Structure formats: structure tokens, C-alpha cells
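Heads up, the thing below is written out as C-alpha cells.
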Amino acid sequence: MAGRTLLCLVILVLLGVAWGIRLAWQGNPDLGLSLVSAASPPTTLGGDWVSKPPRSRERFSQARKRADSIDPSGVPRLVEWLAPGDPSPMGPTTSAASDLVRVEYTLDEELTEAIFSIFRRGRVERGQAIVLDPRSGRLLAYVSTDPEGLPPERTYPAASIVKLLTAAALLEEAPVAAEQTCVYRGNKYRLSPRRLAIPKSGHETTLARALASSNNQCFSQWAVHSVGQNKLLAIFQRFGWLAAAAPGHDAGRIDEIKTKLDLGRLGSGLGGVRVNPLHVASLASILTDGRWVEPWWIDRVVDSGGRSIRMPRGEEPRQVLSQEIADRLRRMMVGTTASGTAKSAFRTRRGRRLLGEVDVAGKTGNVTGTDPYGRYEWFLGLAPAEDPTIAVVVLQLQSHLWWSRSSELAAKVLRTVFCDDQGCRDSLADRLTGDLSTWTDPLLISELERPLFISRTN
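If you count the sequence shown from 1, you need to add 375 to reach my numbering.
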């Protein structure tokens with residue numbers, strides 16, 4: 376009897392100790408983490424690896440790792456073990472492993488693999504692609520087929536993507552002119568000092584049709600006669616195109632404007648401005664709800680003891696365009712994929728819509744440039760157009776021989792996101808963006824101290 380009594384007392388004491396530990400854990404979430412390792416986590420995160428995710432095929436292959444035990448959503452993401460200050464990825468069992476940190480990227484493994492396959496079938500030698508959630512700036516894929524020959528962090532001629540900024544400035548600063556038709560003569564794509572003047576008669580078009588067909592003459596006229604140099608430069612500044620789009624990436628730059636022709640060329644995208652794909656990705660966020668959002672691609676950094684290391688806070692989102700103008704621009708951009716310069720890319724050979732009922736707001740751009748020399752071809756797409764959850768940016772540097780347009784590549788990427796064997800629908804993007812429902816919306820890894828699945832309504 377005495378033995379049983381003693382055993383019961385021991386059990387009660389152990390239960391009390393366990394309950395006390397549980398209360399202490401709840402009261403201090405960091406307590407459990409501090410028991411993992413006595414060493415302090417790194418306080419700084421220096422090194423190029425913070426600004427250079429695994430964009431190449433080689434690093435992607437090394438970073439492929441199904442992270443079901445790390446990511447509570449169970450989505451396969453890319454993971455690398457890196458040493459602060461050293462951009463070269465290493466294995467988790469290498470010597471001096473205590474100095475390594477585990478970097479968990481937002482980049483989706485399956486989507487990234489699909490993009491590499493699309494580029495390979497399209498015979499893309501020098502190309503880049505970014506897929507992101509434009510509402511949060513969270514990158515889902517960041518691909519480069521030739522990081523040395525066409526570095527993603529450098530800037531390149533922006534081409535007709537600039538027309539979106541000119542159109543935004545026109546709608547803001549000269550709404551009356553935006554409602555009037557543009558009159559032009561001759562080839563809509565050719566520009567000269569003489570064609571900057573507004574003719575009394577000729578072809579007429581609206582802002583929406585000019586954007587869909589990428590009319591250089593009309594956008595040059597609007598830049599010179601309706602918007603003006605100061606207001607056009609101001610919107611470049613406000614949209615973040617003259618700053619670095621993210622750490623480790625070059626700031627955009629604009630050539631000196633000396634003549635009206637220079638201003639016309641700038642406003643139409645024929646020359647004068649250089650940006651990198653992340654600048655265009657940020658533009659996708661602005662076109663979604665008018666907010667500039669800094670792109671990001673690291674979900675979490677964990678030290679050798681399993682503790683999360685706080686990343687430096689990025690810039691706060693800021694409203695740079697009204698929601699009304701953003702919505703209007705997207706509606707105009709649907710014309711690019713429905714009847715404009717990207718129509719063929721979003722149709723099958725039989726003329727059927729490639730993405731079914733999913734509308735895509737898009738903008739093409741191509742121009743011959745230098746450093747390096749070649750034909751730069753862009754495409755920016757947002758889908759679904761009425762309420763974007765996915766944006767895609769594709770840039771190619773083409774030589775005299777090329778096989779696939781950037782709009783065609785982007786259309787195939789969007790089809791990968793929005794379509795399956797059952798057809799195409801908006802909800803398929805939820806597997807990438809995390810919008811499962813209002814009651815099972817998982818928190819991002821970066822919002823958790825411990826990798827647990829937590830419902831927001833719990």
C-alpha cells in the first residue's frame with residue numbers, strides 16, 4: 376500500500392512539473408528555442424546570398440528539397456544551407472556545420488521546375504522569369520537561364536513596359552486628354568521629330584487601343600504635350616524605378632532628356648530608361664491595388680540550433696496610385712492579350728482561349744539595345760485581370776535567331792498555374808498563394824516562431 380501511495384505521489388509531482396513547463400512555454404515562446412542550443416544566433420546576415428536566391432539551374436538542382444517537415448503548408452519549397460558572408464551553398468553535413476544557416480525560400484519547387492522546362496522547350500538561351508503574388512510581393516519563382524550572360528540584378532532597356540507609367544501619368548495629370556482620341560499618321564511604331572506634332576487629320580485611336588497595340592506615336596505625343604517631363608519623371612520616381620527594387624539589385628536609371636524627341640522616346644519606351652525584372656514585378660503590385668510592395672523571396676533563416684533568425688525589415692508598402700486608376704489600367708491591359716500585341720500567345724492554333732475563362736491583363740515590350748547587344752523582349756502579365764493573385768514577368772535577350780516570344784512563354788507559365796486536366800479556373804492559384812479559405816488560411820513560416828500549423832481563427 377505504501378509503495379502505491381509513493382508511486383501516486385511521484386506521478387502527481389511529474390504531472391505538476393510538466394504543467395509548469397507548459398505554462399512557461401506559453402508565457403515565453405522563446406524559452407523552448409533557447410534550450411535547443413546554448414550558442415547565440417548570428418545577429419547580422421551579411422553576404423551576397425541574402426540578395427541572390429537560387430535562380431540558375433545548377434543552384435536550383437542543389438536547393439531542391441521537399442520541406443514537408445519545415446513548411447506547415449506542406450508545399451515543396453527550395454532550401455539551402457549557407458554560411459553568412461559566403462554565397463556558395465553547402466550541404467547540411469559539411470564541416471563547421473555550426474556556422475551554417477538554413478535559408479528557406481518562398482520559391483516553389485514544382486513551379487520553378489515547370490518554368491525551366493518551358494524555357495528549355497522554347498529554346499531560351501538568355502532569359503529570366505519571375506512569378507509572384509502581387510498583393511504581398513512574395514516571389515513564387517525566380518529563374519535565370521544564364522545568370523552570367525544576363526545577370527538578373529542588372530538593368531536593361533524597359534521597352535514598351537514604360538507605356539504603363541506614361542498611361543498612369545496621363546490618367547492622373549491630364550484626364551481630359553486621356554479621354555480624347557489620339558491622331559497620328561503613317562506607321563504607329565515609327566517616331567521622328569516631325570511626328571511628335573499632333574496632326575490635324577489621320578488615324579484615330581483611344582488610350583485603350585493605343586496601349587493594346589503599343590502605339591509609339593500616340594504615347595510620344597501624350598508624354599510631350601499632355602504629361603510633360605517633370606510629371607513623367609515624378610511617376611518613375613514614385614513607382615520606385617529610380618531606386619533598387621530589392622537588396623543586391625541595381626537601381627533603375629534614366630538618360631538625360633535634352634530634346635522633345637528624347638522625352639517622346641522615353642514616354643513610348645523606345646529608349647532612355649533601364650530597369651531589371653524586379654522593377655517590373657513591383658509594377659505588377661502597383662497595378663493590382665495601387666500600392667508599391669517590395670519583392671521578397673526568403674521565408675525564414677534558421678541557425679544550427681533550429682532557431683529563427685530575424686531578417687531585416689523591408690520597406691513598408693506605400694500607396695503610389697489610386698485603386699481606381701490601377702483597376703482602369705488593368706482593364707485596358709486585357710486588350711493586349713485579347714486583341715492586341717499578345718493575342719496569338721493566348722490563343723490555341725484553333726483560336727480558343729489558352730486559359731479558358733481566366734482573363735489576363737498584359738503588356739508586351741521589345742526594343743534593340745546594348746550592354747549586351749540584342750533584342751530585349753518583355754512581357755508582364757497579371758491574372759485573373761479583375762482581381763490579380765498571380766503576376767508573371769518574362770525577359771529575353773534574343774539574337775537574330777529566336778524561337779519563342781516572351782508573351783508565349785508567359786502564357787504557358789500562367790497556364791501551369793491556373794489550369795489542370797479539368798480546365799482553367801482562378802482557384803487553382805490558391806495552392807501557391809495560400810488562399811485556401813477563410814477558416815484554413817495558414818500562417819507563413821516567417822510569422823511563426825515554431826513550425827506549427829495554426830489556423831487564423833484558432
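Ideal Cβ placement from N, Cα and C applies to all residues, glycine included. On a predicted model such as this, the values are computed, not experimentally measured, just so you know.
**Q.** Status (buried if at least 16 other CB within 10 Å, exposed otherwise) for Lys575
**A.** Here Lys575 is exposed, its C-beta having fewer than 16 other C-beta atoms within 10 Å.
(Q) Quick check: what's the CA-CA separation for Ile765 versus Phe594? (A) Cα atoms of Ile765 and Phe594: separation of roughly 28 Å, rounded to the nearest angstrom.
(Q) So, under 8 Å CB-CB, Ala785 and Gly756 are touching, yes? Tell me the CB distance rounded to an integer number of Å. (A) By a beta-carbon distance limit of 8 Å, Ala785 contacts Gly756. Their separation comes to about 5 Å.
**Q.** 8 Å Cβ cutoff met for Arg649 and Thr530
**A.** Contact check for Arg649 against Thr530 passes: the beta carbons are separated by less than 8 Å.
Q. Of the residues Glu761, Arg722, Phe721 and Leu772, which one's Cα is nearest the Cα of Asn741?
A. Minimum Cα distance to Asn741 is reached at Leu772.
Q) Does the segment 590-605 come close enough to the segment 545-564 to have 3 or more Cβ pairs within less than 8 Å? A) Flag = yes, the segment 590-605 and the segment 545-564 touch.
Q) Do you know how far the Cα of Lys718 is from the Cα of Leu730? A) For Leu730 and Lys718, the distance between alpha carbons rounds to 12 Å.
Q: Assuming Phe721 and Val735 form a contact by the criterion Cβ under 8 Å, report the distance between their Cβ atoms to the nearest whole angstrom.
A: In this structure, Phe721 and Val735 form a Cβ contact; the two beta carbons are roughly 6 Å apart against a cut-off of 8 Å.
Q) How long is the line joining the alpha carbons of Leu453 and Gly737, rounded to whole angstroms? A) If you take the alpha carbons of Leu453 and Gly737, they lie about 28 Å apart.
Q: Classify Arg666 as buried or exposed, calling it buried when 16 or more other Cβ atoms lie within 10 Å of its own Cβ.
A: So Arg666 ends up on the buried side.
Q. Is there contact between the segment 582-589 and the segment 542-553, where contact requires at least three CB pairs shorter than 8 Å?
A. By the Cβ criterion, the segment 582-589 is in contact with the segment 542-553, since at least three pairs of Cβ atoms, one from each stretch, lie closer than 8 Å.
Q) Which residues bound the beta strand (DSSP E) around Asp674? A) Membership of Asp674 in the beta strand (DSSP E) is indicated by the continuous run Ile673 to Val677.
Q. Anyone know if the C-beta pair for Ile490 and Ala516 falls short of 8 Å?
A. Taking 8 Å as the cut-off, the Cβ atoms of Ile490 and Ala516 count as close.
Q: Enumerate, from N- to C-terminal direction, the unbroken beta strand (DSSP E) stretches of 3 or more residues contained entirely within the segment 527-571.
A: You should have 557-559.
Q: Give me the Cβ distance between Thr621 and Glu699, rounded to the nearest whole Å; I'm assuming they're in contact under 8 Å.
A: The sequence given here has Ala at residue 621, not Thr. Ala621 to Glu699, Cβ: 28 Å. No contact.
Q. For Glu798, does the count of other Cβ atoms within 10 angstroms reach 16, so buried, or fall short, so exposed?
A. It is worth fixing the name first, because residue 798 is Gly in this sequence and not Glu. That one is exposed.
Q. Mapping DSSP to helix, strand and coil, what is Ile765?
A. Residue state, collapsed to three classes: strand.
(Q) Beta-carbon within less than 7 Å of Gln592's beta-carbon, same chain only, minus the 5 sequence neighbours each way: which residues are those? (A) Cβ neighbours of Gln592 within its own chain (closer than 7 Å, five residues either side excluded): Tyr559, Lys563, Leu566 and Arg570.
**Q.** Cα-Cα separation, Gly512 to Gly577
**A.** Here the alpha carbon of Gly512 sits roughly 43 Å from the alpha carbon of Gly577.
(Q) Check whether the segment 669-689 and the segment 741-752 touch, using three or more Cβ-Cβ pairs below 8 Å as the test. (A) With a cut-off of 8 Å, the segment 741-752 and the segment 669-689 do not count as touching, because too few Cβ pairs lie within range.
Q.
Does His578 come out as helix, strand or coil in the three-state DSSP assignment?
A. Strand, per DSSP.
Q: Take His775 as the anchor and find which of Pro759, Arg750 and Glu783 has the nearest alpha-carbon.
A: Answer by Cα proximity: Arg750.
Q) Does DSSP put Gly809 in a helix, a strand or coil? A) Three-state DSSP puts Gly809 in coil, outside helix and strand.
Q | Residue from Val499, Gly726, Arg434 and Leu586 whose Cα sits closest to the Cα of Leu704 | A | For the residues Val499, Gly726, Arg434 and Leu586, the minimum Cα distance to Leu704 belongs to Leu586.
Q: Following the continuous beta strand (DSSP E) through Glu479, name the residue where it begins and the one where it ends.
A: Where Glu479 is concerned, the enclosing beta strand (DSSP E) starts and stops at Val476 to Asp483.
Q: Determine the DSSP secondary structure at Leu729, reduced to helix, strand or coil.
A: Three-state result, Leu729: coil.
(Q) What does the Cβ neighbour count give for Asn651, buried or exposed, with the cut at 16 atoms within 10 Å? (A) Only buried fits Asn651, as 16 or more other CB atoms lie within 10 angstroms of its CB.
Q | Rounded C-alpha distance that separates Glu455 from Gln437 | A | As the crow flies, the alpha-carbon of Glu455 is around 8 Å from that of Gln437.
Q) For Lys538, which of Asp762, Ile610, Asp483 and Tyr480 has the nearest alpha-carbon? A) The shortest Cα separation from Lys538 among Asp762, Ile610, Asp483 and Tyr480 belongs to Ile610.
Q) What residue does the alpha helix (DSSP H) around Asn741 start on, and which one ends it? A) Run containing Asn741: none in the alpha helix (DSSP H); it sits in the beta strand (DSSP E), Ala736 to Gly744.
Q: Using three-state DSSP, classify Val599 as helix, strand or coil.
A: Note: Val599 maps to helix in three-state DSSP.
**Q.** Sequence-distant residues of its chain with Cβ nearer than 7 Å to Gly689 (five each side left out)
**A.** Cβ neighbours of Gly689 beyond the five flanking positions: Glu669 and Trp671.
Q: Under the assumption that Ala542 contacts Trp753 (Cβ atoms under 8 Å), give the Cβ distance between them as a whole number of angstroms.
A: Rounded, the Cβ-Cβ distance is 16 Å, inconsistent with contact.
Q.
Bridge partners for Gly798 per DSSP, in chain order?
A. In the DSSP secondary-structure assignment, Gly798 is bridged to Asp795.
(Q) Going by the DSSP bridge assignment, what does Glu455 pair with across the sheet? (A) Per DSSP, Val478.
Q | Check whether Leu486 and Leu807 have beta carbons under 8 Å apart | A | In this structure, Leu807 lies closer than 8 Å to Leu486 by Cβ.
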